[in-house]
Amino acid sequence: MYRHLFFFLLILTLFTACTSAQPPAQQTAPSTSPQAPSQSTAQEPVTLHVGWPGFPDTLNPAYAFLTESYTMFDYIYSTLATESQSGEYVGLLAESWDVSDDGLTWTFKLRPNVRWHNGEPLTAEQIVWNLNAFIQNPDGWVTNSGYVAGFVEARVVDESTIEIETEYPISNMAYRVSFLYIVYPPDFEGFTTPEELQNFTNFNAIGTGPFKLASLDKDQRIIILETNREYFDGQAKIDRVIYQTFDNSDAMIQALKVGDIDLIGEVPDSAFAAVSAFENVKALSLPGRSITELIINSVPADHEPKPNRNKALEDPQVRLAIATAIDKQDLVDVVLQGNGTPGVSIIPPTLGGGFWFNSQIQDVKFDLDEANRILEEAGYLKGSDGVRAKGDIRLEMRLQYPSDQPNYPRTAEMIANWLSQVGIRATPESVDPDSLVVATNPNADYDLVIWGWGADPDPDFMLSVLTSDQYVEGGWSDSGYSNPEYDRLYIEQQKAIDPKERQKIVWKMQEMVFNDRPYIVLWYGNILQAYRSDRFTGFIESILGIDSFQSLMNVEPVR
Numbered sequence: 005m006y007r008h009l010f011f012f013l014l015i016l017t018l019f020t021a022c023t024s025a026q027p028p029a030q031q032t033a034p035s036t037s038p039q040a041p042s043q044s045t046a047q048e049p050v051t052l053h054v055g056w057p058g059f060p061d062t063l064n065p066a067y068a069f070l071t072e073s074y075t076m077f078d079y080i081y082s083t084l085a086t087e088s089q090s091g092e093y094v095g096l097l098a099e100s101w102d103v104s105d106d107g108l109t110w111t112f113k114l115r116p117n118v119r120w121h122n123g124e125p126l127t128a129e130q131i132v133w134n135l136n137a138f139i140q141n142p143d144g145w146v147t148n149s150g151y152v153a154g155f156v157e158a159r160v161v162d163e164s165t166i167e168i169e170t171e172y173p174i175s176n177m178a179y180r181v182s183f184l185y186i187v188y189p190p191d192f193e194g195f196t197t198p199e200e201l202q203n204f205t206n207f208n209a210i211g212t213g214p215f216k217l218a219s220l221d222k223d224q225r226i227i228i229l230e231t232n233r234e235y236f237d238g239q240a241k242i243d244r245v246i247y248q249t250f251d252n253s254d255a256m257i258q259a260l261k262v263g264d265i266d267l268i269g270e271v272p273d274s275a276f277a278a279v280s281a282f283e284n285v286k287a288l289s290l291p292g293r294s295i296t297e298l299i300i301n302s303v304p305a306d307h308e309p310k311p312n313r314n315k316a317l318e319d320p321q322v323r324l325a326i327a328t329a330i331d332k333q334d335l336v337d338v339v340l341q342g343n344g345t346p347g348v349s350i351i352p353p354t355l356g357g358g359f360w361f362n363s364q365i366q367d368v369k370f371d372l373d374e375a376n377r378i379l380e381e382a383g384y385l386k387g388s389d390g391v392r393a394k395g396d397i398r399l400e401m402r403l404q405y406p407s408d409q410p411n412y413p414r415t416a417e418m419i420a421n422w423l424s425q426v427g428i429r430a431t432p433e434s435v436d437p438d439s440l441v442v443a444t445n446p447n448a449d450y451d452l453v454i455w456g457w458g459a460d461p462d463p464d465f466m467l468s469v470l471t472s473d474q475y476v477e478g479g480w481s482d483s484g485y486s487n488p489e490y491d492r493l494y495i496e497q498q499k500a501i502d503p504k505e506r507q508k509i510v511w512k513m514q515e516m517v518f519n520d521r522p523y524i525v526l527w528y529g530n531i532l533q534a535y536r537s538d539r540f541t542g543f544i545e546s547i548l549g550i551d552s553f554q555s556l557m558n559v560e561p562v563r
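Using our numbering, you'd call the opening residue of the sequence shown number 5 and step up by one each time.
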């Protein structure tokens with residue numbers, strides 16, 4: 005998850021906005037206009053203004069799906085370990101960790117003198133409370149549950165040491181705990197049902213991270229963060245960060261150009277060339293971890309509610325024909341303006357320096373004649389209107405996409421055009437993201453959906469998205485894919501301590517998804533970001549993005 009992650013990121017953009025179980029306190033308005041330039045004087049705080057297209061659905065890690073939420077988590081909360089800019093895992097709340105000879109007990113030595121944003125000390129008991137809540141209440145802590153799979157319990161050894169006992173050896177513990185955000189227990193202890201917990205948006209979040217939440221205005225869609233001067237790992241060189249949501253990308257790009265904002269974390273592909281030419285702006289295009297895919301409704305027929313889809317999508321030959329009729333390179337050239345590569349597998353080639361990506365998978369070649377042949381031989385014949393049918397099953401289907409993604413309308417238009425040439429009538433439809441989330445899971449009411457993910461640095465998360473038990477309300481699965489052998493291999497790869505043994509399993513799982521086609525991976529997108537180089541310096545360029553918490557702690561005004 006970006007951290008559901010860079011989304012994309014993009015991506016990536018994904019889940020239902022929750023209403024708070026208790027009304028948020030009145031928020032104070034920013035003391036300076038978020039459109040004002042960030043030049044500071046002796047009287048004014050040094051403020052970095054950031055523009056983005058979305059807004060967090062929640063600040064509660066129990067039930068968070070949007071990239072914007074995870075961006076805020078990294079600023080506000082802390083984890084036992086975190087990924088560094090080099091891709092290695094380093095301690096955060098934990099100074100060090102080791103594992104017993106049998107691989108079943110992990111011991112974490114905690115960093116001393118860590119305080120919550122309200123000034124209270126963080127205790128080992130509070131960290132253990134968090135971990136055991138995640139373990140014992142997977143129905144409530146839905147988006148944490150995958151990261152504690154195989155955990156038995158956490159316990160306090162002493163005030164500076166905790167242990168995590170596991171059911172079986174865990175191959176990627178540092179990665180797992182890097183997504184277990186430690187929340188302030190008094191804000192979470194009173195919930196008695198999973199629904200109460202998940203509906204708590206925590207828009208007055210208290211954490212131990214490098215930035216404190218000063219103000220969150222849902223109506224104006226402005227978030228103000230202040231530097232945590234008591235942060236245990238140093239402090240940022242700026243005083244504040246203001247995040248402002250823009251309703252359209254053109255306005256956001258213009259704001260950067262004229263200096264109303266200082267940073268854009270997601271530059272639209274269509275605008276990247278123009279942004280690169282702006283005076284006093286540095287634009288970056290870096291290989292990322294995002295994937296964009298065409299989701300095919302693969303929900304089991306016995307699911308409740310019953311899947312509402314074109315029955316032809318249950319035919320493997322129809323899925324193959326759809327894949328054959330999509331020119332992925334053209335999508336990259338036209339939609340991404342070259343800022344990406346054609347997709348093949350659910351695991352991006354950047355994970356582990358390419359170690360986890362199955363390079364042996366040969367993608368289907370774009371060939372409209374071949375797609376027509378496949379459908380013809382499968383018994384789908386063209387009618388007078390050009391639409392193929394087999395008996396009473398006509399190849400007419402919805403082609404939906406979330407309305408907040410600027411690349412998707414053109415993508416849908418191009419795919420619909422190709423499919424029309426092979427006798428499939430796909431009707432593009434822009435849908436509110438929250439509504440589309442519910443349509444895909446749990447309602448199973450869709451045919452084809454264009455969407456994306458920001459992959460974690462370890463393959464475990466992207467693999468988990470296709471497991472059967474994730475197709476529940478609040479789960480990660482949007483395709484409904486269910487394959488018992490795939491589910492078995494998912495557990496096996498978690499247990500495989502030898503990296504090469506685990507790689508074989510991960511490669512096999514990618515091959516299964518590629519052949520079954522719950523997803524047709526369209527492309528891997530680059531991270532496109534830009535900032536005002538005349539105002540700020542010190543951004544750290546890495547796969548984490550220049551808006552990572554490590555980067556923002558290093559940023560300072562141009563003197």
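Glycine is no exception: its CB is placed at the ideal position from the N, C-alpha and C atoms.
Considering only Asp162, Met177, Gly154, the residue with the shortest C-alpha distance to Thr170 is Gly154. Taking the CA atoms as reference points, Asn487 sits about 12 Å from Arg521.
With a minimum length of 4 residues, the unbroken runs of alpha helix (DSSP H) contained wholly in the region 421-492 fall at 437-444, 464-468.
Within the model, the alpha-carbon separation for Phe361 versus Leu467 is close to 12 Å. Rounded to the nearest angstrom, the gap between the Cα atoms of Gln364 and Trp511 is 9 Å. When C-alpha distances from Asn203 are compared across Gly144, Lys241, Leu260, the shortest belongs to Gly144.
An exposed status is given to Thr197, since fewer than 16 other beta-carbon atoms sit within 10 Å of its beta-carbon. Residue pairing for Glu87: DSSP places it in a beta bridge opposite Tyr93. Here the C-alpha atom of Tyr494 lies approximately 10 Å from the C-alpha atom of Phe465. Judged by their CB atoms, Glu129 and Val161 are not nearer to each other than the 7 Å cut-off. Excluding the 5 residues flanking it on each side, Ala178 has same chain C-beta neighbours closer than 7 Å at Ala85, Tyr93, in chain order. The three-state reading of DSSP puts Phe540 in strand, counting E and B together. Remark: C-beta atoms of Asp449 and Asn312 approach each other more closely than 7 Å. Taking each of Asp396, Ala209, Gln341 in turn and checking the Cα distance to Leu532, the smallest one comes out for Gln341.
Rounded to whole angstroms, Leu403 and Asp334 show a C-alpha spacing of 19 Å. With contacts defined as CB atoms closer than 7 Å, Ile378 and Ala430 fail to qualify as a contacting pair. In this structure, the beta-carbon distance from Phe59 to Arg225 falls below 7 Å. When only Cα atoms are considered, Arg244 and Leu556 end up about 10 Å apart. Per the C-alpha coordinates, the member of Ala305, Asp237, Lys332, Asn252 positioned closest to Glu318 is Ala305.
Secondary structure remark: continuous beta strand (DSSP E) runs of at least 3 residues inside the region 354-398, in chain order: 392-394.
With contacts defined as CB atoms closer than 7 Å, Ser407 and Ser434 qualify as a contacting pair. Pairing Ile454 with Thr415 gives a Cβ-Cβ distance under 7 Å. Burial state of Gly478 is buried, judged by a 10 Å Cβ sphere holding 16 or more other Cβ atoms. The region 254-265 makes contact with the region 273-286; the number of CB pairs closer than 8 Å reaches 3 or more. Restricted to the region 287-351, the alpha helix (DSSP H) segments that are unbroken, complete and at least 4 residues in length are 320-328, 332-338, listed in chain order. In the pairwise beta carbon analysis, the region 539-550 is classified as touching the region 255-270: at least three pairs are separated by under 8 Å.
Taken through DSSP and simplified to helix, strand or coil, Gly529 comes out as strand. Residue environment: Val322 is assigned as buried (16 or more neighbouring CB atoms within 10 Å of its CB, all protein chains considered). Inter-residue distance for Ala329 and Ile246 is about 44 Å (C-alpha atoms, whole angstroms).
Taking the CA atoms as reference points, Pro214 sits about 8 Å from Ser82. Under the three-state reduction of DSSP, Gly269 is assigned to coil, being neither helix nor strand. For Pro198, no beta strand (DSSP E) run applies; the uninterrupted alpha helix (DSSP H) run containing it begins and ends at 198-203, by DSSP. By the Cβ neighbour-count rule, Asn122 is exposed, with fewer than 16 other Cβ atoms within 10 Å of its own.
About 7 Å separates the beta carbons of Trp422 and Asp331, which is inside the 8 Å limit, making them a contact pair.
DSSP places Ile550 outside any beta strand (DSSP E), giving it a letter other than H or E. Met401 is bridged by DSSP to Ala430.
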